[in-house]
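Q:
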Amino acid sequence: DIVERGYNFLFYEMDIWWIQSPIKVLKLQNNFDVAVSGHQDNPNAPNIGFYAVRSNERTKEFFRQLFHLLEIRPTVFDQFAFTE
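Here the working numbering is used: the first residue of the sequence shown is -19, the next is one more, and so on.
(1) Considering only heavy atoms of the ligand MG, does any lie closer than 6 Å to the CB of residue 17?
(2) If you follow the beta strand (DSSP E) that residue 32 is part of, which residue opens it and which one closes it?
(3) Mind checking which residues open and close the beta strand (DSSP E) that includes residue -9?
(4) Suppose the cutoff is 6 Å on Cβ atoms and the five residues either side in sequence are ignored; what does the same chain contact list for residue 28 look like?
(5) Are there 16 or more other CB atoms within 10 angstroms of the CB of residue -17, so buried, or fewer, so exposed?
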């Protein structure tokens, strides 16, 4: 609903702590739809413990498809669903 309503958002899990706010960097890097962190041991593997989303038609469709996948495959690990 957040993206569908036109809001950009930042998601992070509770085990993340900040040395400085990521907002400044995200504002400077404004050429993304979804920015996702990488795993420490494999930066090419997305880690959905932190991600930022800009609301637009592409991200609205992405989350529609993501939630649909999670509905039809409720046992799929959310991190795998995010990258499918």
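From the three backbone atoms N, C-alpha and C, an ideal C-beta is built for every residue, glycine too.
None of the values given here were measured: they were computed from a predicted structure.
A: On the basis of the coordinates in this document:
(1) With respect to small molecules bound, the structure shown includes none, and the ligand MG cannot be examined in it.
(2) Following the DSSP letters along the chain, one finds residue 32 inside the beta strand (DSSP E) bounded by residues 26 to 33.
(3) Note, residue -9: beta strand (DSSP E), -11 to -8.
(4) These residues qualify, in order along the chain: 59, 62.
(5) A buried status is given to residue -17, since no fewer than 16 other beta-carbon atoms sit within 10 Å of its beta-carbon.
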